[in-house]
Structure formats: C-alpha cells, structure tokens
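In terms of the working numbering, the sequence shown is residues 6 to 415.
C-beta atoms are modelled at their ideal positions from N, C-alpha and C, and glycine is treated no differently.
A quick note: this is a predicted structure, and the numbers were derived from the prediction, not measured.
Worksheet: the structure to be examined is printed underneath.
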Amino acid sequence: MDATDAAVPSTSLSAPPWERMARGGGLLTGTGELSGTVFEEMSRLAARTGAINLGQGFPDVDGPREMLDAAAAALHGGGNQYSPVAGLPQLQEAVAAHQHRFYGIDLDPGTGVVVTVGASEGLAASLLAFLQPGDEVVTFEPHYDLYGAVVEFAGARLVTVPLEPPCFSPDLDRLAAAFGPRTRMVILNDPHNPTGTVFDDAVLARVAALAAEHDCVVVTDEVYEHLRHTGRHRPLAALPEAFDRTLTVSSVGKSFSATGWRVGWVSGPAHLMGPVRATKAYLTHSAATPLQLGAATALGLPDAFYERLTEDFRHRRDVLVRGLAAAGAEPFEPRGTFFVVADVRGLCDRYGVEDAEHLAPVLAERAGVVGVPVPALASAEHRALYASWMRFSFGKRLDVLEQAGQRLAG
Numbered sequence: 006m007d008a009t010d011a012a013v014p015s016t017s018l019s020a021p022p023w024e025r026m027a028r029g030g031g032l033l034t035g036t037g038e039l040s041g042t043v044f045e046e047m048s049r050l051a052a053r054t055g056a057i058n059l060g061q062g063f064p065d066v067d068g069p070r071e072m073l074d075a076a077a078a079a080l081h082g083g084g085n086q087y088s089p090v091a092g093l094p095q096l097q098e099a100v101a102a103h104q105h106r107f108y109g110i111d112l113d114p115g116t117g118v119v120v121t122v123g124a125s126e127g128l129a130a131s132l133l134a135f136l137q138p139g140d141e142v143v144t145f146e147p148h149y150d151l152y153g154a155v156v157e158f159a160g161a162r163l164v165t166v167p168l169e170p171p172c173f174s175p176d177l178d179r180l181a182a183a184f185g186p187r188t189r190m191v192i193l194n195d196p197h198n199p200t201g202t203v204f205d206d207a208v209l210a211r212v213a214a215l216a217a218e219h220d221c222v223v224v225t226d227e228v229y230e231h232l233r234h235t236g237r238h239r240p241l242a243a244l245p246e247a248f249d250r251t252l253t254v255s256s257v258g259k260s261f262s263a264t265g266w267r268v269g270w271v272s273g274p275a276h277l278m279g280p281v282r283a284t285k286a287y288l289t290h291s292a293a294t295p296l297q298l299g300a301a302t303a304l305g306l307p308d309a310f311y312e313r314l315t316e317d318f319r320h321r322r323d324v325l326v327r328g329l330a331a332a333g334a335e336p337f338e339p340r341g342t343f344f345v346v347a348d349v350r351g352l353c354d355r356y357g358v359e360d361a362e363h364l365a366p367v368l369a370e371r372a373g374v375v376g377v378p379v380p381a382l383a384s385a386e387h388r389a390l391y392a393s394w395m396r397f398s399f400g401k402r403l404d405v406l407e408q409a410g411q412r413l414a415g
C-alpha cells in the first residue's frame, strides 16, 4: 500500500481507543469479536495438545549466572523501592557503555538513555511521544503486532513495505514509494522478526536518506542485536547522518534469556529522549529496581560471553533448519534472531490442508509441534505473499529442537 492510498488512519478515530489498538494489533476478528494475540493462541494450542512450543519466542534456559546473582543480591540488599523514572544510573551508564563498546555510539547516560518495562514499553513510549492523528508510519512486514496496535491507538496509520519471499529483501523503490507528506515516523526492526533478515548497508543508508528527506523520526527495534549469525550488528544510529533522528530500543530479554524480567531501554539524542521520558513516566513510572541492577551487570559481561552466545544460537539454528528441511519444508536460513521461517507447502500437502494457518492446529495435534503462521503477522493486503510460511523458534535447548525435528519428519 502506497502512502497516497489513504489520507486518514485505517481505523476511524470515532472508535474507542481500545478498539483502535485491538484492531491494529490483529485482536479483532472480521465480525468484531475480541481474540488473543497469535502468540497466546499458539501457546494455548501447545498446552492443550502437549506439543513442543516453537511458536512463542522465549528461551527455555536461564540467563548468565552473574546477572541472576546481581539481581538476587539487590533483592536482598534493599534494592526494592522505586527507581527514577529514567532508570537507575547504573543501568543508564551500562547501556551507554554498551553502545560505545559495540557500536562506537557516544551517549550521555543521563540524557541519552531511558529505562523501560521491556522493549515493548520502549517502543510504545517512543511512538506515542511523537505520533498525532493522521500521521503515517512506515515499516517492513511481516512485523511484530505491537507496531500496528500502538500506531492505530495514536490515531495514525501504518504503511507497510513487504519483505518478499523467499529471500525477504526489500524493494528500495517500493520503500521510497511508501513515504509521503504525512509520513512522520519509520519503524526499523533489525535483525528482523519474524523473517531473520539482516538489513545490509544499502538498505540502512536508504532508510536514513528517506527519513532525512521527509523529516521523520526513526524508531529501531534491536532486541535481537546480539543474535546475529553472520557479522556484527550495525545499528542505524551508528550512521552519522542518522543519529540525530533515531531512537534505539533494546532489552535484556532475548540476548540474556530473561524475557520475563521486562527490562528494556531507549537510547538516542537528548532532544528526542526528553519526550520519550515524559511519555514513559505516565505508562509505568519505573522498571523493577533489582532487575535493573541485574541487567546492568549483564551488559558488562566480557566479550567471551557474547561470542559463546552467538556460537550457541548459530548451532541451534542449524539444528532446526536441518530438521525442517528433512521434514519436507523449505526453510529460509536466518542471519539474525532466533526464528526460522519456512515454506511449509510440503507439510500442507502431507496433511491435506491449504495453507500455514490451517496447518498450525493440524501440526500441533498430529506432529506435536507448534509454529506461528506468518500471515498472522502481515497486513490483509500482503497476507497472500506469506500464505505458505510458518515461523519456528530455535530459542530452545538442543534436545528440544532435535525432538521437534524428529516429530516433524515422522
């Protein structure tokens, strides 16, 4: 859908705010009934059938011992009261040091970092701080459902550019066509969930140039920054021409196997961070104090930890990719995240169903494995592109992944 296709948000502002959010996140059915997220639905399906849950993206191991011990020490050492709205100075300083250490980005910890309750709040605060009714937000799809939910809640409109299978690379001309006079913001998820794509320098440079041309704020979702399997992650904010308009969002959840901690952060230039801090203050006030101290310890772990992390997830990826291929699927080998998307037409034929959405419950019941149909993460306009694709998580133990592969093949 090009930016010129509509001049108003896709959901009328006359609808209640909750309804705009639910519709934007895909929680309303065609008849207007309220449902859960696709991740909740797939997890319930796994629980009901006893299937291996490769649908929802959470690890099944605990994070590094140093991080856990630091949080426990804080819990027993009096760190149980409110932290400042922008976060504990220890974690602000750790985030700033991390950004300089890995990416050469220089931040003032006090004005350039805001700690949030997970990356989800960081994304929400960043969007709500700047979006107004009638604005447009450009992003690639398929995409995380929160983007559409918050954009619609703000009365804005999500304009999507499809990553076309089987290689999931963007068409840069199509990207440029998505921008228009109402474009206020860009959301860039890199490494990309659900496809596992990593955007190259040409894409980053084009996003930066288009954002500058249209005077947009760019919000980058980088929660998988340390789960990149080829080369080192390069944030958009590391491009000198992009830093002043970029808000970078990340968290402790994925890299440190602590998705239940809900500790994230936003970093960027002070003139953008002030509005984010003001917005975040009235969402949750502050993240859990002892967990912020644990997160600060995690960010300071030595290079050997990050090297082992990358090697470990690359091995897990290879196990799941081989298992899917042996079962008759055609997986796209991801360069980042802990997800594999696979063309499952071979499995659809085996079980006599027409597409990934119909395959999901059958696969759970008959093979004992749950994945997420990629069409659930795409707009209605582009859903047909992904009709035969499913997302599977390899953020699990090796024995679980091997067992899943055996079940799929059997």
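Asked	Found
Beta-carbon proximity of Gly30 to Gly153, cut-off 7 Å	yes
Start and end residues, alpha helix (DSSP H) containing Ser291	Per DSSP, Ser291 belongs to no alpha helix (DSSP H) and is neither H nor E.
Gly68 versus Gly279: straight-line alpha-carbon distance, rounded	32 Å
For Ser15, the three-state DSSP class (helix, strand or coil)	The predicted model places Ser15 with a pLDDT of 48, which falls under 50 and marks its position as unreliable; any figure quoted below should be read in that light. Coil, per DSSP.
Coil, strand or helix - Trp266 by DSSP	coil
Per-residue DSSP class, three states only, for Val143	strand
Glu338 burial status per 10 Å Cβ neighbour count (16 or more: buried)	exposed
N-terminal and C-terminal residue of the beta strand (DSSP E) that Pro167 is part of	Arg162 to Pro167
Spatial distance of Arg3 from Asp354 (CA atoms)	Because the chain in this structure spans residues 6 to 415, residue 3 falls outside the shown range and cannot be described.
Nearest neighbour of Asp178, chosen from Leu133, Asp195 and Leu168 [CA to CA]	Leu168
Cys172 burial status per 10 Å Cβ neighbour count (16 or more: buried)	exposed
Limits of the beta strand (DSSP E) - the one that Arg53 falls within	No beta strand (DSSP E) holds Arg53; the alpha helix (DSSP H) holding it covers Val43 to Thr54.
Where Arg396 falls: helix, strand or coil (DSSP)	strand
Asp226, buried or exposed, once every other Cβ within 10 Å from all chains shown has been counted against 16	buried
Of the listed residues Phe399, Ala392, Gly328 and Ala369, nearest to Ala414 (C-alpha basis)	Gly328
Contact under 7 Å by Cβ, Ala409 with Leu59	yes
Beta-carbon proximity list for Ala292, same chain, < 6 Å, skipping 5 on both sides	Val120, Val122 and Val268
7 Å Cβ cutoff, Gln137 in contact with chain B	Any reference to chain B falls outside this structure, which holds one protein chain only.
6 Å CB neighbourhood of Gly299 in its chain, flanking five on each side removed	Met72, Ala75 and Ala76
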